[in-house]
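A.B. asks: Protein chains in written order, with our numbering: chain A, 1 to 361; chain B, 362 to 722.
From the three backbone atoms N, C-alpha and C, an ideal C-beta is built for every residue, glycine too.
Number of protein chains: 2
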Amino acid sequence: MIKTVGYGARAATSRLERMEFERDDPRPEDVVIEVMFTGVCHSDIHQVKNEWANTVYPCVPGHEIVGRVTRTGDKVSRFREGDLVGVGCMIESCRACEPCESGEENYCEGPNGWLATYNGPMVPASGAEGGENTYGRDNTFGGYSSVVVVPEDFVLSIPDGLAPEAAAPILCAGVTTWSPLNHWGIGEGDTVAIVGFGGLGHMALKLAVAMGVEVTVLTTTPEKIEQAKAMGAHAAYIATDKTSLVPLAGSFDLILSTVPDKHEVGPFLDLLKRDASLVVVGNIDIIDGVDNSKLAFHRQSVAGSLIGSIAETQDVLDFCASNGIAPEVEIIDIKDINEAFTRVENGEARYRYVIDMSTLG
Amino acid sequence: MIKTVGYGARAATSRLERMEFERDDPRPEDVVIEVMFTGVCHSDIHQVKNEWANTVYPCVPGHEIVGRVTRTGDKVSRFREGDLVGVGCMIESCRACEPCESGEENYCEGPNGWLATYNGPMVPASGAEGGENTYGRDNTFGGYSSVVVVPEDFVLSIPDGLAPEAAAPILCAGVTTWSPLNHWGIGEGDTVAIVGFGGLGHMALKLAVAMGVEVTVLTTTPEKIEQAKAMGAHAAYIATDKTSLVPLAGSFDLILSTVPDKHEVGPFLDLLKRDASLVVVGNIDIIDGVDNSKLAFHRQSVAGSLIGSIAETQDVLDFCASNGIAPEVEIIDIKDINEAFTRVENGEARYRYVIDMSTLG
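#1: Whole angstroms is fine: what's the gap from V427 (chain B)'s alpha carbon to W539 (chain B)'s?
#2: Of all the residues that make up the stretch 665-687 of chain B, which are near chain A by a beta-carbon distance shorter than 8 Å?
#3: Counting only C-beta atoms, is G611 (chain B) closer than 8 Å to chain A at any point?
#4: Can you name, in chain order, every residue of its own chain whose Cβ lies under 8 Å from the Cβ of F252 (chain A), other than the five neighbours on each side?
#5: Under the rule that 16 or more other beta-carbon atoms within 10 Å means buried, what is A53 (chain A), buried or exposed?
#6: State the Cα-Cα distance for the pair E700 (chain B) and P628 (chain B), rounded to the nearest angstrom.
#7: On the three-pair Cβ rule with 8 Å, is the stretch 393-405 of chain B touching the stretch 713-721 of chain B?
#8: With a threshold of 7 Å on Cβ separation, who are the neighbours of L200 (chain A) within its own chain once the five nearest residues in sequence on each side are excluded?
#9: For E801 (chain B), which of helix, strand or coil comes out of DSSP?
#10: Whose C-beta lies closer than 7 Å to the C-beta of R498 (chain B) among residues of the same chain, with five residues either side of it excluded?
#11: Residues of chain B with a CB under 7 Å from the CB of H46 (chain A): which are they?
#12: Run through DSSP, which three-state label would M19 (chain A) get?
#13: What does V651 (chain B) reach in chain A if we use C-beta pairs closer than 8 Å?
#14: Of all the options B:I519, B:S683, B:G685, which has the alpha carbon lying nearest to the alpha carbon of R439 (chain B)?
#15: DSSP three-state call for V60 (chain A): helix, strand or coil?
#16: Measuring CB to CB, does L256 (chain A) end up less than 8 Å from V290 (chain A)?
#17: With a threshold of 8 Å between beta carbons, is A657 (chain B) in contact with chain A?
#18: Can you list, in chain order, the residues of its chain with a C-beta nearer than 8 Å to that of G324 (chain B)? Leave out the 5 residues immediately preceding and following it.
#19: Near T495 (chain B), which residues of its chain fall below 7 Å by C-beta distance, leaving aside the five closest residues on each side in sequence?
#20: Is there a Cβ of chain B sitting closer than 8 Å to that of S77 (chain A), yes or no?
#21: Is the beta carbon of Y505 (chain B) sitting closer than 8 Å to the one on Y368 (chain B)?
#22: Does the beta-carbon of N653 (chain B) have 16 or more other beta-carbons within 10 angstroms, so that it is buried, or is it exposed?
#23: Let me check one thing: in DSSP terms, what residues is D288 (chain A) bridge-paired to?
#24: Out of B:S666, B:T604, B:V626, which one is the CA nearest neighbour of L542 (chain B)?
#25: Can you confirm whether Y479 (chain B), when its beta carbon is compared against all beta carbons of chain A, has any partner nearer than 8 Å?
#26: Would you kindly work out how many angstroms separate the C-alpha atoms of A682 (chain B) and V663 (chain B), rounded to a whole number?
#27: Secondary structure at M357 (chain A), three-state DSSP: helix, strand or coil?
#28: Beta-carbon within less than 8 Å of E330 (chain A)'s beta-carbon, same chain only, minus the 5 sequence neighbours each way: which residues are those?
#29: Determine, for V508 (chain B), whether the minimum Cβ-Cβ distance to residues of chain D falls below 8 Å.
#30: According to DSSP, which residues form a beta bridge with T431 (chain B)?
#31: From the DSSP output, which residues share a beta bridge with P151 (chain A)?
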């Protein structure tokens with residue numbers, strides 16, 4: 001067993017606190033990683049506070065993990081000690097279903113879905129057919145910790161030219177926006193609107209701009225208008241300012257909503273071109289305002305998209321390295337994590353907090 | 362001017378009553394058609410009762426029209442006196458926008474949208490940019506009448522082998538389901554669920570079965586279960602019976618909702634395969650239950666679709682003739698139209714009322 005130190009919550013109402021636990025020794029296919037940096041995702045907060053009503057406690061969050069390989073199992077062939085590597089939202093999948101076989105583990109249809117980096121299987125044994133637990137565990141502990149142990153197939157290479165602290169947010173915020181941009185066929189010369197301009201939104205902007213896309217940002221925060229333009233946005237508007245939105249009617253090949261909480265999409269549907277889609281990447285339950293008197297008149301769609309595959313995660317890391325893209329990060333001490341959560345909830349982060357895990361002490 | 366007799370409503374609360382009016386003489390590109398049969402679409406009721414809050418009175422409905430050509434303008438080349446022809450939901454479009462130029466007039470983006478067979482432009486002059494009225498009229502009168510005058514480009518040929526009364530419902534109910542089945546790439550061996558089994562739903566079933574699709578019907582009317590199977594459904598269930606739906610999870614390449622009123626789609630999202638779409642063809646305003654905690658997990662979409670193009674309308678007429686497909690119709694007298702409306706609203710039609718316009722007297 002590997003002694004591990006982390007920060008986690010013991011209940012929905014608890015603050016994160018230091019805790020010690022043990023990780024299993026590596027199996028032949030596992031990589032042991034000393035964690036250097038972990039990004040703070042809004043999902044971490046939703047999960048810790050049980051806002052999706054599925055949290056298993058204790059909850060040690062963190063799924064934007066960058067670190068160094070310290071040990072490898074006998075069968076590991078792609079990594080060795082000292083390699084700079086990353087771990088995103090998944091650490092295992094069923095490997096047998098059609099999505100897994102076609103390299104889209106993020107849509108795993110196995111009995112327990114994919115195994116999340118923290119909070120265990122996407123479909124807990126209690127919800128799986130026959131109560132099956134194919135992963136042998138009901139909980140997992142994430143990257144707010146000193147060490148993670150992950151099968152090599154779910155470990156990413158951090159390419160040269162990406163600073164480790166900058167690579168961390170690409171592992172969730174990056175791939176979650178990269179995947180739908182690519183799946184919906186967005187490329188050079190297309191027009192995209194990004195709704196919500198936080199951790200995910202600003203990554204979406206940087207990625208799309210580097211793809212040759214004309215990007216419009218819709219935010220609720222006035223000071224982000226100029227920041228978005230400075231990051232390459234063609235235009236940026238206050239999302240609730242109807243006067244600004246009117247001239248944008250029928251303008252976009254894709255609208256990507258990165259807003260992490262319930263929101264009304266009706267006003268944005270007007271901005272889609274014919275046959276275009278509004279894709280929501282947040283786990284926001286019911287999407288309000290899906291108005292068929294709008295959708296039908298231009299054969300539009302409202303769709304969901306969930307993170308991205310391991311292959312897509314490697315692609316976006318490589319794309320960022322090749323194109324000099326890095327998220328805007330603020331490095332924080334793990335002891336400040338509870339205050340950081342509050343600032344994220346208040347929309348005060350600019351744009352991603354990344355925990356320096358050496359501060360675990 | 363052409364003296365015309367029709368049935369229309371003078372206000373949202375009026376019954377349909379006999380009225381006389383005049384139609385313009387044909388322009389060089391127009392075809393004059395003596396109406397033989399007109400289908401009764403649920404939209405006729407929504408429109409007459411101003412349930413979409415956009416009705417111009419008097420309102421003479423009817424957009425599933427079959428008749429004989431009695432006269433043609435000088436420039437008409439495709440039709441001559443005596444031809445059996447049809448008119449669907451549209452009688453003109455801007456002919457200049459990108460959708461019109463690509464043969465999808467039903468998504469016309471001209472200042473007034475397409476010109477509906479009744480109730481005038483889709484975008485009235487008051488709603489168009491600059492208050493423009495490119496059609497020179499704010500209202501049109503439909504096929505609950507003795508004569509219609511329509512530009513030949515919006516007139517369909519009724520192929521040999523289709524009885525005129527059977528052809529009528531294909532012009533709206535048929536093409537409205539045919540278009541999304543084709544647009545979403547449905548073909549032999551695919552699985553489709555049809556939600557709602559009335560005028561549109563039963564046409565969707567017959568068309569899809571002839572395309573080699575395995576069709577499941579979801580209806581709220583118990584007696585329709587066996588009727589759907591008799592028309593070729595692989596299976597049919599009560600749409601609200603959750604126990605029946607559970608085994609259908611992840612089964613369908615497409616779900617087509619033909620329900621003409623507001624309804625909850627949440628339970629149906631579970632039945633879609635990964636990357637599949639639920640398409641709503643009814644003009645139902647807000648679609649309830651679009652749950653991103655479902656959509657995102659299998660990258661699914663909820664989409665709208667609006668009738669079909671003129672080319673698709675001719676295609677579906679030809680397809681029905683070639684495959685021996687005819688809607689289930691009950692011929693009614695125009696004098697019984699108000700009672701027929703009530704029966705349609707009560708879900709009592711089996712499956713499409715078609716008015717014998719010779720009863721106009």
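C.D. replies: From the atom records:
#1: Taken atom to atom, the span from the alpha-carbon of V427 (chain B) to that of W539 (chain B) is near 19 Å.
#2: Look at the stretch 665-687 of chain B: the residues with a C-beta under 8 Å from a C-beta of chain A are G665, S666, L667.
#3: It does; some Cβ of chain A falls within 8 Å.
#4: Leaving aside the five residues that flank F252 (chain A) on each side, the residues in its chain whose CB is nearer than 8 Å to its CB run, in chain order, T191, V192, A193, T216, L271, L272, K273, A276.
#5: Exposed is the label assigned to A53 (chain A), since fewer than 16 other Cβ atoms lie within 10 Å of its Cβ.
#6: Cα to Cα, the separation comes out at about 34 Å.
#7: Taking a contact to require three or more Cβ pairs closer than 8 Å, the stretch 393-405 of chain B and the stretch 713-721 of chain B qualify as touching.
#8: Closer than 7 Å at the Cβ level, and outside the excluded window around L200 (chain A), lie A173, T176, T177, T258, V281.
#9: The requested residue 801 (chain B) does not occur in the structure, where chain B is confined to residues 362 to 722.
#10: Once the five neighbours on either side are set aside, the close Cβ partners of R498 (chain B) are G481.
#11: In chain order: nothing, as chain B lies at least about 11 Å away.
#12: Per DSSP, reduced to three states, the secondary structure at M19 (chain A) is strand.
#13: Under the 8 Å cutoff, chain A gives I286, I287, V290, V302.
#14: With distances taken between Cα atoms, R439 (chain B) lies closest to B:I519.
#15: Coil, per DSSP.
#16: Not in contact: L256 (chain A) and V290 (chain A) (Cβ atoms no closer than 8 Å).
#17: Taking 8 Å as the CB threshold, A657 (chain B) lines the interface with chain A.
#18: Because chain B in this structure spans residues 362 to 722, residue 324 (chain B) falls outside the shown range and cannot be described.
#19: Excluding positions up to five away in sequence, the list reads C455, G471, P472, N473.
#20: It does not; no Cβ of chain B falls within 8 Å.
#21: Yes, the Cβ-Cβ distance between Y505 (chain B) and Y368 (chain B) is below 8 Å.
#22: Here N653 (chain B) is buried, its C-beta having at least 16 other C-beta atoms within 10 Å.
#23: Paired residues: A:E264.
#24: The residue among B:S666, B:T604, B:V626 with its C-alpha nearest the C-alpha of L542 (chain B) is B:S666.
#25: Cβ-Cβ to chain A under 8 Å: no for Y479 (chain B).
#26: Looking at the two C-alpha atoms, the distance is approximately 32 Å.
#27: Correct three-state label for M357 (chain A): helix.
#28: Counting only Cβ-Cβ distances below 8 Å, and skipping sequence neighbours, we find A349, R350, R352, Y353, V354.
#29: You won't find chain D in this structure, because its protein chains are A and B.
#30: In the DSSP output, where bridge partners are listed per residue, T431 (chain B) has none listed.
#31: A:D30, per the DSSP bridge assignment.
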